[in-house]
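Numbering (the working numbering), first residue to last: -18 to 187.
Below is the structure:
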């Protein structure tokens, strides 16, 4: 529920006319909005996302026999140099046009058409967003979405916790979640062991 509220808040936060935003603030809000959406859709670490380049992402279409239609997926390559564990990995996730829309909007600010070496979440493609900027807009969005802290230490990394929790609750095993998120199965199990009983109940009632 909180993620849905936050997603709606991002749309409202980026409304240029309603918020009477100048160009710089508008682009900055669109940038952090796209970054946060990718965070809770992909489970990537904040540091990995900040250092992500357009050469690291591509679109792939998967035909679902069950749904009888093509599903657009983003293929992400996390470079070892940007990973906390210094290991590269490749994974797919459903983006719902978040990144393509952001690229179409931001590319007018670039001084050339070469996108490959540019940072994804950057206005000029050369400078990655600062932790301070991300945290500032994160807290403003929490307020806009009326998400109570209640003593919870909510930070951008919380999106990764949300993602992993959702995957475990949907029935994925620790090894599968670990492979997607670039960590060890043991660490996932140790950190999220409290979900075991709830997962068993969810699967029993599915």
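Glycine residues also receive a C-beta, built at the ideal position from the N, C-alpha and C atoms. All of these numbers come straight from a predicted model, not from anything done at the bench.
Proximity below 8 Å, CB of residue i to CB of residue j
i: residue 48; j: residue 99; result: no
i: residue 185; j: residue 80; result: no
i: residue 29; j: residue 64; result: yes
i: residue 44; j: residue 144; result: no
i: residue 53; j: residue 71; result: no
i: residue 146; j: residue 173; result: yes
i: residue 141; j: residue 24; result: yes
Opposing strand residues paired with residue i [DSSP bridges]
i: residue 100; result: 34
CB-CB length for residue i against residue j, believed under 8 Å
i: residue 55; j: residue 37; result: Contact doesn't hold; Cβ gap of about 10 Å is too wide.
i: residue 128; j: residue -13; result: 7 Å
i: residue 31; j: residue 102; result: 6 Å
| message | Would the region 76 to 92 count as touching the region 2 to 19 if we require 3 or more Cβ pairs under 8 Å? | response | yes
Query raised in the report: Enumerated in chain order, which unbroken segments of the beta strand (DSSP E) with a length of 3 residues or greater are wholly contained in the region 39 to 91?
Result: 50 to 59, 70 to 74
### Task
State whether the region 49 to 66 contacts the region 161 to 172, with contact taken as three or more CB pairs (one from each stretch) at a distance under 8 Å.
yes
* Should the region 123 to 132 be regarded as contacting the region 106 to 114, the criterion being three or more beta carbon pairs within less than 8 Å? -> no
Segments assigned alpha helix (DSSP H), at least 4 residues, entirely inside the region -7 to 21: -3 to 0
- Contiguous alpha helix (DSSP H) assignments of at least 4 residues, all confined to the region 134 to 186: 139 to 150, 155 to 162, 166 to 172, 177 to 186
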